[in-house]
Amino acid sequence: TLTEKYILSHVHHPFLLSLHCAFQTKGRLYMVVDYCPGGELFFHLKRLRRFTEGMMRFYCAEIAVALCHLHSHRIIYR
270 TLTEKYILSH
280 VHHPFLLSLH
290 CAFQTKGRLY
300 MVVDYCPGGE
310 LFFHLKRLRR
320 FTEGMMRFYC
330 AEIAVALCHL
340 HSHRIIYR
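First residue of the sequence shown? That's 270 in my numbering, and the numbers climb one at a time after it.
See the structure below:
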């Protein structure tokens with residue numbers, strides 16, 4: 270969405286994707302972001318079916334730090 274585009278282009282943090290460029294066609298918005306070689310977190314959860322406690326601590330900590338950074342910029346993520 271345009272809101273996501275605005276946020277990614279103005280907020281920079283190691284745990285958030287960086288927006289390199291964006292363009293729009295009729296009805297679609299395309300965003301060029303960092304390549305994530307590990308893929309999406311949900312993909313790994315589906316594959317493993319459950320994370321170990323250590324994995325959960327690691328991922329939850331990264332998500333919490335990223336959310337704190339967004340909140341420091343007065344951005345609320347739903």
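By construction, the Cβ of each residue, glycine as well, lies at the ideal position given by its N, Cα and C atoms.
Keep in mind that this is a model prediction, so the values were computed, not measured.
- request: Name the residue from L288, P283, K315 whose alpha carbon lies nearest to the alpha carbon of Y299.
  value: The candidate whose alpha carbon is nearest that of Y299 is L288.
message: Excluding the 5 residues flanking C337 on each side, which residues of the same chain have their C-beta closer than 7 Å to its C-beta?
response: Excluding residues within five positions, none has a Cβ falling inside 7 Å.
message: Run through the DSSP bridge pairs and tell me what C290 is partnered with.
response: The partner list for C290 (beta bridge, DSSP) reads V301.
task: Output the distance between the C-alpha atoms of Y275 and F284, rounded to the nearest integer angstrom.
output: Put simply, the backbone Cα of Y275 is about 17 Å away from that of F284.
- request: Output the distance between the C-alpha atoms of F320 and S278, rounded to the nearest integer angstrom.
  value: Near 32 Å, if we compare the C-alpha coordinates of S278 and F320.
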